[in-house]
Amino acid sequence: MSGRTSRRQPQQQRREWEDGGTGPCRHLRVVLLGDSGVGKTSILRRFVEGTFDDGVDSTISIEQMEKEVRVDGQRYVLRVVDTAGQERFRSLRENFYRGTHICLLTFALDKLASFCNLSMWRQEFLHYARVPPGTLFPFLVIGNKADVTPKARAVSDVNVQTWCGANADVPYFETSAKQALNVEEVFVAAVRHFSLMEARNALTSPIDRHRRVDGEMRDLKARGRATDENSAGKCCG
Ligand SMILES: Nc1nc2c(ncn2[C@@H]2O[C@H](COP(=O)(O)OP(=O)(O)OP(=O)(O)O)[C@@H](O)[C@H]2O)c(=O)[nH]1
Ligand SMILES: [Mg+2]
């Protein structure tokens with residue numbers, strides 16, 4: 003596995019698949035969203051660099067890091083976009099949503115308000131990423147700071163399960179960037195969830211529907227011709 007950092011502009015696109023001689027590798031863009039202070043930067047740094055810093059600065063722009071992972075025998079390079087949770091950076095964030103494959107909605111287990119804002123983050127993402135209505139988009143929910151004491155926990159399991167159930171059964175993970183708990187696992191699960199959604203969308207995509215309708219129309223016409231010919235035969239016979 004390898005990690006690297008950059009501040010690439012959102013307009014610069016790269017090929018989604020590449021083969022550097024070691025087999026096909028897929029590039030996926032992952033966005034971390036959530037209130038300021040929930041631990042997005044800490045999760046990213048734990049995932050890519052394996053480090054944790056108690057005094058990490060609040061993000062004031064966009065940071066992107068890459069890491070290669072292997073999931074179910076397939077190579078992926080995840081470009082993870084770490085956004086600034088503060089409201090004043092909203093317009094900056096929005097430019098980075100398009101072209102995203104996976105969105106990680108993050109809250110802190112010791113801050114109820116950050117959980118209550120998940121719907122807002124989800125809506126903001128769906129709008130600015132221009133996800134077509136009816137498309138299944140791979141969201142995952144992360145409850146970070148799982149290391150806090152039970153007394154400090156402000157969000158109950160029931161609350162989270164209810165929210166996830168009401169939002170197309172979004173997968174949920176509790177993490178601790180501080181204690182390196184479940185961080186790698188979230189990204190692996192995210193890739194799997196993406197693959198599943200992609201397969202489901204392919205079955206119901208507008209192009210596919212069009213093809214199916216086209217095929218059914220051809221079948222119907224062919225059957226219609228056969229019936230006409232049969233009936234013509236009967237009439238004339
Ligand atoms: N106890 C605990 N503290 C954490 C954890 N993850 C992050 N923190 C702390 O929470 C604070 C905020 O973390 P950040 O990673 O900067 O949060 P952020 O979501 O990136 O915040 P913005 O950049 O402002 O959007 C820092 O003091 C971190 O050290 C964790 O898993 N457990
Ligand atoms: Mg940050």
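By our numbering, the letter at position 194 of the sequence shown is numbered 196, and the numbering carries on one by one without gaps. Note that beta-carbon positions come from the ideal geometry of N, C-alpha and C, so glycine has one too.
Kindly list the residues whose CB is nearer than 6 Å to the CB of F117, restricted to its own chain and excluding five residues on each side of it in sequence; keep chain order.
-> F109, V157
Leaving out the 5 sequence neighbours to the left and right, which residues in its chain are closer than 8 Å to A86 when beta-carbon positions are compared?
-> S38, S60, T61, I62, S63, I64, L94, R95
Please report the Cβ distance between G36 and W123, rounded to the nearest whole angstrom; I am assuming they are in contact, meaning their Cβ atoms lie under 8 Å.
-> 6 Å
What residues match up with E176 in a beta bridge as DSSP calls it?
-> G145
Check F139 in the structure and name its three-state DSSP category.
-> coil
Should the region 138–148 be called in touch with the region 162–180, which here means at least 3 C-beta pairs below 8 Å?
-> yes
Can you pull the DSSP bridge partners for D84?
-> L34, E65
6 Å CB neighbourhood of V73 in its chain, flanking five on each side removed | V190, V193
If we count the other Cβ atoms within 10 Å of its Cβ and call it buried at 16 or more, is H103 buried or exposed?
-> buried
A110: first and last residue of the uninterrupted alpha helix (DSSP H) it sits in | It is not in any alpha helix (DSSP H) - A110 instead sits in the beta strand (DSSP E) that spans 104–110.
In DSSP terms, what E51 is bridged to = E51 is not bridged to any residue.
Can you have a look at P26 and say buried or exposed, based on whether 16 or more other CB atoms are within 10 angstroms of its CB?
-> exposed
Return yes when the Cβ of V58 is within less than 9 Å of the Cβ of E68, no when it is not.
-> no
Ligand 2 heavy atoms versus the CB of V190: any closer than 8 Å?
-> no
Can the beta-carbon of R155 be found closer than 9 Å to that of Y130?
-> no
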